[in-house]
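Residues 579 to 1162 in the working numbering are what the sequence shown spells out, letter by letter.
One structure below.
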Amino acid sequence: MDKDKVAAILEEIGMLLELNGDNPFKIRAYDNAARTLLSLTEPLDKLIENNELSKIKGIGESIQKKIVELATTGKLQYYEELKASVPPGLIEMLQIPGLGPKKVKALNEKLGIETIEQLEQACQRGKVAQLDGFGEKTQAKILEGIAFRRQYSSKHLLYDALLLSEPILESLRSHRDVVRCSTAGSLRRFKEVVGDIDFLVSSNNPQNVINFFTQQPGIINITAKGDTKVSVILKDGIQADLRVVSDVEYPFALAYFTGSKEHNIVMRQRAIQRGLRLNEYGLFKSKEETREPALRIPCKSEEEIFAQLGLSYIPPELREDQGEFEAAEKNQIPRLIEWTDLKGSLHNHSNWSDGQGSIEEIAKYMDDLGLDYWAITDHSKAAYIANGLDIEQLKKQIKEIDKVNKKLSDSGTDFRLLKGIEVDILAEGRLDFDDDLLSKLDIVVASFHQGFSSSEAENTRRLIRAAENPFVHTLGHITGRLLLDREPYKLNVLAVIDACAETGTWIELNCHPMRFDMDWRFWRYAKNKGVKSVINCDAHRLEHVQFLRLGAGVARKGWLTKEDVVNTLPLDKLMIELNKKRSK
Ligand code: DGT
Ligand code: CA
Ligand code: CA
Ligand code: ZN
């Protein structure tokens, strides 16, 4: 078991202990141990092997033993027993925003609530609001949280679906009976949240392919199995459908099952207007529904289907019936950005705030990957939970980055770190640092980390005020949403975009898989206003650099090209862009 999982279990133990009303010092010990564990850069098995765990302060002896047990056996007796001692409904309730162990415990003790259903009823009857420390607001929030959970229980993050689907697709591709294969559906369209995973294969031997598919690792359950179709359940309860068609049908089936439904409807209408019929089996010279092979207009690829219907190729990401037909008719589908166009990320953290890895480690890692630059933008002091930097620390960090850059330059590499900050936007849109300090940095990302209870007008005003600061290059994750977890705070996004256009401020496309913020649906508007995008990892650890690929996919979904995104620029050109707003 790796460090992350062990830390997650330690944290859960802390919550379970709190639910049980255990000793606060003991609870804190588990929380501290989890945090300490996460901050270690060396792999856990190595620390255990070299007997170094005991030297780390912040982890007591008894917890050390538990860590070793977890890391080496993957299980922990103590944890299993503890979990069994708490009703499972109470543990589930912890997932509702605003409900921590203390509140759950109170609900259980005072109202006898043991399940989410009971909690919902109690809220509806107004009983929760009457409890000490709850109130009407909290009660309403709990109800909202329960509804939200229900709505999304069958939804999954794109990233989780990609992690599950990619190895399966690889494996299908290598099977001798598979001619062509692809994912389809919302996953292929790169929707930020997907309902299930759709696979499509062409083959002369569907049964072999289906049998092979059902033997893939990670399949928990087979829910339906036919001659050409099979559905399975993967990890986290995510469903995957596989369809097998003949290779002649493949392009038609791929277009059909990629969707979206709205896009398909327009495609079918276009066919009908031309006296044709389009369905998952083909494009037919027919005025009625058919799948008669003799009537099929042969198309070897999706491109050829689009061409038959008077359209240039429409990339899957754009197939949402959001103007793609108008553009494709005029051959005006833009050449969308590719993730390999990205040269670095301009919003990232280090172990100076809440990230992992020293500045030097980060530089080496990103240089080795072939990136051109990487900005260090740790949190500012107001973000004390995220261990934000104060003025002195930031000044020290600037020196450290200069030192590392000097080393890089001496070693002959062109890769550079940029000095930056993710400065907190405070009340009234003031920033956590003054302009004088901000002016010493290469890149300033201004982010809002509260606002979940303020009004739309107030939040909007704050962000606009921040955009008006000449030293702010870009706003960070402007809506604060966490997909499947937290709704965006109230914001007039269009007004913020307008202000960014006015002031020459960029907008971040934060490509953390739970954020993808700003949402793809707003980027065309921003682009038309001349607002540039910056695709940022918001990396808190080295491997988060891979989020760049996701960010580029979401940018494609927002119709963005290489020219719309500033971090496709080489370093010298980027530096010019970074100076533009300040020298205005
Ligand atoms: P999801 O899975 O909810 O995230 O969304 P999709 O788009 O992947 O939907 P899914 O898996 O139900 O079906 C895959 C594609 O198949 C869908 O995008 C379009 C096509 N499709 C499914 N049902 C219909 C339908 O009733 N009419 C049309 N025109 N297309 C359909
Ligand atoms: Ca789907
Ligand atoms: Ca499906
Ligand atoms: Zn950040």
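Ideal placement from N, C-alpha and C gives every residue a C-beta, glycine not left out.
These figures come from a predicted structure and were not determined experimentally.
Original post:
Can you list, in chain order, the stretches of the beta strand (DSSP E) that have 3 or more residues and sit fully within the region 746–807?
Top reply: The DSSP assignment places complete beta strand (DSSP E) segments of no fewer than 3 residues inside the region 746–807 at 758–762, 775–780, 797–803, in order along the chain.
**OP:** Using only the heavy atoms of ligand 4, determine whether one of them is closer than 8 Å to the beta carbon of D1010.
**Re:** Locating residue 1010 in the sequence shown gives position 432, counting from the first residue. It does not: the Cβ of D1010 is nowhere closer than 8 Å to a heavy atom of ligand 4.
**OP:** My understanding is that M1092 touches D1116, with C-beta atoms under 8 Å, so please give their C-beta distance in whole angstroms.
**Re:** Taking the first residue of the sequence shown as position 1, residue 1092 is located at position 514. Taking the first residue of the sequence shown as position 1, residue 1116 is located at position 538. Taking 8 Å as the upper bound for CB-CB distance, M1092 and D1116 are not in contact here, some 10 Å apart.
Original post:
So is the beta-carbon of G860 under 8 Å away from any non-hydrogen atom of ligand 6?
Top reply: As far as ligands go, the structure on display features ligand 1, ligand 2, ligand 3 and ligand 4 and does not contain ligand 6.
**OP:** Buried or exposed for Q975, please, with buried defined as at least 16 other CB atoms from any protein chain shown within 10 angstroms of its CB.
**Re:** Position 397 of the sequence shown, counted from the first residue, corresponds to residue 975. Around the beta carbon of Q975, 16 or more other beta carbons sit within 10 angstroms, so the residue counts as buried.
Original post:
So, does the CB of L1016 fall closer than 9 Å to a CB anywhere in chain C?
Top reply: The structure shown contains no chain C, having only a single protein chain.
Original post:
In three-state terms, what does DSSP make of F1049?
Top reply: The sequence position of residue 1049 within the sequence shown is 471, counting from 1. The answer is coil: DSSP assigns F1049 none of H, G, I, E or B.
**OP:** Closer than 6 Å is what we want: which residues have a beta carbon that near any heavy atom of ligand 4? List them in chain order.
**Re:** Environment of ligand 4, chain-ordered: H925, H927, E1000, D1116, taking every residue with Cβ within less than 6 Å of a heavy atom.
**OP:** Could you tell me whether any non-hydrogen atom of ligand 2 is closer than 8 Å to the CB of I1021?
**Re:** One-based indexing of the sequence shown puts residue 1021 at position 443. Not a single heavy atom of ligand 2 lies less than 8 Å from the C-beta of I1021.
Subject >> Coil, strand or helix - T619 by DSSP >> reply: Here residue 619 corresponds to residue number 41 of the sequence shown, with the count starting at 1. In the structure shown, T619 sits in coil (DSSP, three-state: anything other than H, G, I, E or B).
Original post:
Can the beta-carbon of S1025 be found less than 9 Å from the beta-carbon of E1000?
Top reply: As a position in the sequence shown, residue 1025 is number 447, starting the count at 1. As a position in the sequence shown, residue 1000 is number 422, starting the count at 1. Going by C-beta atoms, S1025 is nearer than 9 Å to E1000.
Subject >> Endpoints, beta strand (DSSP E) assigned at S1025 >> reply: Sequence index remark: in the sequence shown, residue 1025 carries index 447 (1-based). For S1025, the enclosing beta strand (DSSP E) begins and ends at 1021–1025.
**OP:** Measure how close the beta-carbons of K1068 and N1047 come, nearest whole angstrom, since I'm counting them as under 8 Å.
**Re:** For the purposes of this step, residue 1068 is taken as the residue at position 490 of the sequence shown. For the purposes of this step, residue 1047 is taken as the residue at position 469 of the sequence shown. At roughly 22 Å, the Cβ-Cβ gap does not stay under 8 Å, so K1068 and N1047 are not in contact.
Original post:
Is the beta carbon of I591 sitting closer than 9 Å to the one on T614?
Top reply: On the sequence shown, position 13 is the one that residue 591 refers to. On the sequence shown, position 36 is the one that residue 614 refers to. For I591 and T614, no; Cβs fall outside 9 Å.
**OP:** Compare the C-alpha of H1118 against each of V664, I954, V1144 and name the closest.
**Re:** Mapped onto the sequence shown, residue 1118 falls at position 540. Minimum Cα-Cα distance from H1118 among the listed residues V664, I954, V1144 corresponds to I954.
Original post:
Can you tell which of F1049, K1140, D755 has the C-alpha that lies nearest to the C-alpha of K1162?
Top reply: Residue numbering aside, residue 1162 sits at position 584 when the sequence shown is read from its first letter. Of the candidates F1049, K1140, D755, the one whose C-alpha sits nearest the C-alpha of K1162 is F1049.
**OP:** Measure the alpha-carbon distance for D956 versus G636 and round it to whole angstroms.
**Re:** Against the sequence shown, residue 956 aligns to sequence position 378. Against the sequence shown, residue 636 aligns to sequence position 58. Taking the Cα positions, D956 is about 24 Å away from G636.
Original post:
Using the C-alpha atoms, what's the distance from A612 back to L586?
Top reply: Mapped onto the sequence shown, residue 586 falls at position 8. Mapped onto the sequence shown, residue 612 falls at position 34. Looking at the sequence shown, residue 586 is not Leu but Ala. For A586 and A612, the distance between alpha carbons rounds to 7 Å.
Original post:
How close, in whole Å, do the beta carbons of T1057 and D1095 come, if the pair is a contact with beta carbons under 8 Å?
Top reply: Taking the first residue of the sequence shown as 1, we reach residue 1057 at position 479. Taking the first residue of the sequence shown as 1, we reach residue 1095 at position 517. With a beta-carbon spacing of about 5 Å, T1057 and D1095 fall inside the 8 Å limit used to define contacts.
**OP:** Check whether the Cβ atoms of L820 and S809 sit closer than 9 Å, and answer yes or no.
**Re:** Residue mapping note: residue 820 aligns to position 242 of the sequence shown, counting from 1. Residue mapping note: residue 809 aligns to position 231 of the sequence shown, counting from 1. Taking 9 Å as the Cβ cut-off, L820 and S809 qualify as a contacting pair.
Original post:
With a cut-off of 8 Å, do at least 3 Cβ pairs link the region 737–749 to the region 693–700?
Top reply: Here the region 737–749 makes no contact with the region 693–700; the two share fewer than three CB pairs at distances below 8 Å.
**OP:** Could you tell me whether the region 794–806 touches the region 824–835, where touching means 3 or more Cβ pairs closer than 8 Å?
**Re:** Judged by Cβ distances under 8 Å, the region 794–806 makes no contact with the region 824–835, as fewer than three pairs qualify.
Original post:
Do you know offhand how far D755's Cα is from I720's?
Top reply: Mapped onto the sequence shown, residue 755 falls at position 177. Mapped onto the sequence shown, residue 720 falls at position 142. For D755 and I720, the distance between alpha carbons rounds to 51 Å.
**OP:** Report yes or no: do the region 778–789 and the region 750–766 share at least 3 C-beta pairs separated by less than 8 Å?
**Re:** Flag = yes, the region 778–789 and the region 750–766 touch.
Original post:
What residues match up with T562 in a beta bridge as DSSP calls it?
Top reply: Outside the shown range of the chain (579 to 1162) lies residue 562, about which nothing can therefore be said.
Original post:
Among D1020, L597, K644, which one has its Cα closest to the Cα of L677?
Top reply: The residue you call residue 677 lines up with position 99 of the sequence shown. Closest in C-alpha terms to L677, from the list D1020, L597, K644, comes L597.
**OP:** Express the C-alpha separation of L995 and V982 in angstroms, rounding to a whole number.
**Re:** On the sequence shown, residue 982 is found 404 positions in, with the first residue counted as 1. On the sequence shown, residue 995 is found 417 positions in, with the first residue counted as 1. Going by C-alpha positions, V982 is about 8 Å away from L995.
**OP:** Ignoring anything shorter than 4 residues or poking outside the region 847–922, list the alpha helix (DSSP H) runs there in chain order.
**Re:** Annotation: the region 847–922 contains the following complete segments of the alpha helix (DSSP H) (minimum length 4 residues), in chain order: 880–886, 902–907.
Subject >> Selection from L854, K1159, E880 that minimises the alpha carbon distance to L873 >> reply: For the purposes of this step, residue 873 is taken as residue 295 along the sequence shown, with counting starting at 1. Nearest of L854, K1159, E880 to L873, Cα basis: L854.
**OP:** Under 8 Å Cβ to Cβ from K813, same chain only, skipping five residues before and after it: list those, please.
**Re:** Translated into the one-based positions of the sequence shown, residue 813 becomes position 235. Only L742, G796, I798 meet the Cβ criterion.
Original post:
Is it buried or exposed for T619, if we count other Cβ within 10 angstroms and need 16 for buried?
Top reply: One-based indexing of the sequence shown puts residue 619 at position 41. With fewer than 16 Cβ atoms within 10 Å of its Cβ, T619 is classed as exposed.
Original post:
How is R710 classed by DSSP in three states: helix, strand or coil?
Top reply: Translated into the one-based positions of the sequence shown, residue 710 becomes position 132. It is Asp, not Arg, that sits at residue 710 in the sequence shown. It is coil, neither helix nor strand.
Original post:
Going by C-alpha distance, which of W930, E895, Q717 is nearest A961?
Top reply: Within the sequence shown, residue 961 is the residue found at index 383, counting from 1. Ranking W930, E895, Q717 by Cα distance to A961 puts W930 first.
Original post:
Which partner residues does W1084 have in the DSSP bridge list?
Top reply: In the sequence shown, the residue the question calls residue 1084 occupies position 506. Listed as beta-bridge partners of W1084 by DSSP are T1052.
Original post:
Say the cut is 8 Å; is the CB of G773 nearer than that to a heavy atom of ligand 2?
Top reply: Residue 773 sits at position 195 when you count from the first residue of the sequence shown. Yes, since a heavy atom of ligand 2 falls inside the 8 Å radius drawn around the Cβ of G773.
Original post:
How about K1140 and D919: do their beta carbons lie closer than 9 Å?
Top reply: Here residue 1140 refers to the residue found at position 562 when the sequence shown is read from its first residue. Here residue 919 refers to the residue found at position 341 when the sequence shown is read from its first residue. A contact, by the Cβ cut-off of 9 Å.
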